[in-house]
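S.K.:
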Amino acid sequence: MGLPPRRIDVLTQVSGLEFQTAWNGRVDAQFAEGVTCSVIGLNDLLTNKRAADRLQDRADVEALERLQRLLKSP
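Each position in the sequence shown, counted from 1, maps to that position plus 5 in my numbering.
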């Protein structure tokens, strides 16, 4: 829905993950004051991107792994 960069993709299934696994790893993101939405967690997103293995997914994995390292660094 919408247009980039404010586009939202609603997926009913994703590669490499079962629903319950993704649900258990979800993160609540705040988009505006009082507006939150559950989104896929970083680890599960990486699992999904690796399973999908398209060219863009490979680039996304590299970027997400850099982000993950930054989040873990002191």
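Think of the CB as a built atom: it goes at the ideal place given N, C-alpha and C, for glycine as much as any other residue.
Small disclaimer: the values here were computed from a predicted structure and weren't measured.
With a CB to CB cut of under 6 Å and the five nearest residues on each side skipped, what residues in its chain are close to residue 32?
M.R.: Translated into positions along the sequence shown, residue 32 becomes position 27. Closer than 6 Å at the Cβ level, and outside the excluded window around residue 32, lie 44 and 46.
S.K.: Excluding sequence positions up to five away, which residues of its chain have a Cβ less than 6 Å from the Cβ of residue 27?
M.R.: As a position in the sequence shown, residue 27 is number 22, starting the count at 1. Excluding positions up to five away in sequence, the list reads 45 and 49.
S.K.: DSSP state of residue 15, grouped into three classes?
M.R.: The residue given as residue 15 occupies position 10 in the sequence shown. Residue state, collapsed to three classes: coil.
S.K.: Taking only three categories from DSSP, how would you classify residue 58?
M.R.: Here residue 58 refers to the residue found at position 53 of the sequence shown. Reduced to three states, the DSSP call for residue 58 is coil.
S.K.: Taking the C-alpha atoms as reference points, what is the distance between residue 18 and residue 54?
M.R.: Counting from one through the sequence shown, the residue named residue 18 turns up at place 13. Counting from one through the sequence shown, the residue named residue 54 turns up at place 49. Using only the alpha carbons, I get a separation of about 13 Å.
S.K.: Using a Cβ-Cβ cut-off of 7 Å (strictly less than) and excluding sequence neighbours within five positions of residue 20, which residues of its own chain qualify?
M.R.: Here the question's residue 20 lines up with position 15 in the sequence shown. Counting only Cβ-Cβ distances below 7 Å, and skipping sequence neighbours, we find 53, 56 and 57.
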